[in-house]
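Student:
Residue numbers (the UniProt record's numbering): 1 to 290.
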């Protein structure tokens, strides 16, 4: 549990550092980076048709992927930040969805649009569920239609409202394609928890105007951890009550014994005197009668 909290906090600190550095960059540099990303989306030819969790990475050797890695790579080599206030998520977004990437944060699904918005665009961000050392997208199952999630990219915040939640087979990519005229984003993770045979897709549409101020976030505290702490506190209360009751019971017993000991001592003394007098009487010499 301690390692989970530490890693969750580390992800938040890294995300905050990226956000600070990106906003400190000259506006012209940020605008150029965003324009290049939009141009990349307009001309992208890569169509990703495989499950991001199947381990396939042959495409990383292609010139197209090398070009992809150059997009939104400053500062810190991080593409952006994904925030989900309802479940306390704040994760850095890295390029691609390899296991190395997903061990430390969220990944952008190569072959989908970069998360910079626009009509006829659909960005897909993925993260693990069930890692022993970090929460990531564990609580994505608690999002409902109407909830919001956000992307912070190059000092710009994009807001999306959830309108569709789907569970699909790993290689079913129909719901992560572009939809005519729409500005969409999907959060993707494995499901059910610990089984991971299917994929959970939480899709939102862009809500304008963009927020002037990024949403507040808090330390990620997953539901299972909350229940564990409640159970731990309950056990501690029960144990403390039992200890106090035991100590109190022992004190009461001592007090009861203390009240009866003086009486018992007097009885013993009286009995001793009585026995002594009997012995003295039995040893007294008899006198003859006349």
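Yeah, the Cβ is synthetic: ideal placement off N, Cα and C, and Gly gets one too.
Does the count of Cβ pairs from the stretch 167-186 and the stretch 127-138 closer than 8 angstroms reach three?
Tutor: Flag = no, the stretch 167-186 and the stretch 127-138 do not touch.
Student: Alpha carbon to alpha carbon, how far is residue 87 from residue 222? Give it in angstroms, no decimals.
Tutor: Per-residue confidence for residue 222 stands at a pLDDT of 49, beneath the threshold of 50, marking its modelled position as unreliable; the derived number appears in the next sentence. So the alpha carbons of these two residues sit roughly 8 angstroms apart.
Student: Check whether the Cβ atoms of residue 149 and residue 160 sit closer than 7 angstroms, and answer yes or no.
Tutor: Against a cut-off of 7 angstroms, the Cβ pair of residue 160 and residue 149 comes out as a contact.
Student: Could you tell me how far apart the beta carbons of residue 200 and residue 167 are, in whole angstroms, since I believe they sit closer than 8 angstroms?
Tutor: At roughly 6 angstroms, the Cβ-Cβ gap stays under 8 angstroms, so residue 200 and residue 167 are in contact.
Student: Residue 123 and residue 185: beta carbons closer than 7 angstroms?
Tutor: Their beta carbons are under 7 angstroms apart, which means residue 123 touches residue 185 by this criterion.
Student: Considering Cα atoms alone, identify which of 119, 96, 103 and 105 is closest to residue 111.
Tutor: Closest option to residue 111, Cα to Cα, is 96.
Student: Should residue 151 and residue 80 be called a contact, given that it needs their Cβ atoms to be closer than 7 angstroms?
Tutor: Yes. Within cutoff.
Student: Roughly how many angstroms lie between the CA atoms of residue 22 and residue 30, to the nearest whole one?
Tutor: So the two alpha carbons sit approximately 8 angstroms from each other.
Student: In the DSSP output, what is residue 59 paired with across the bridge?
Tutor: Beta-bridge pairing links residue 59 to no other residue.
Student: Starting from residue 32, trace the alpha helix (DSSP H) in both directions and tell me its first and last residue.
Tutor: Run containing residue 32: 27-43, per the alpha helix (DSSP H) assignment.
Student: Taking a contact to mean a Cβ-Cβ separation below 7 angstroms, would you say residue 91 touches residue 82 in this structure?
Tutor: It is a contact, given that the beta carbons lie within the stated cut-off.
Student: Going by the beta-carbon positions, is the gap between residue 171 and residue 58 smaller than 7 angstroms?
Tutor: No; because the gap between Cβ atoms is not below 7 angstroms, this pair is not in contact.
Student: For residue 195 and residue 60, what's the separation of their Cα atoms in angstroms?
Tutor: The straight-line gap from Cα to Cα measures roughly 28 angstroms.
Student: Are the beta-carbon atoms belonging to residue 41 and residue 121 less than 7 angstroms from one another?
Tutor: Cβ atoms of residue 41 and residue 121: closer than 7 angstroms.
Student: Got a sec? Which residues, its chain only, sit under 6 angstroms from residue 211 by beta carbon, not counting five neighbours each side?
Tutor: Taken in chain order, the residues that qualify are 157 and 159.
Student: Can you pull the DSSP bridge partners for residue 244?
Tutor: Answer is none; residue 244 lacks a bridge partner.
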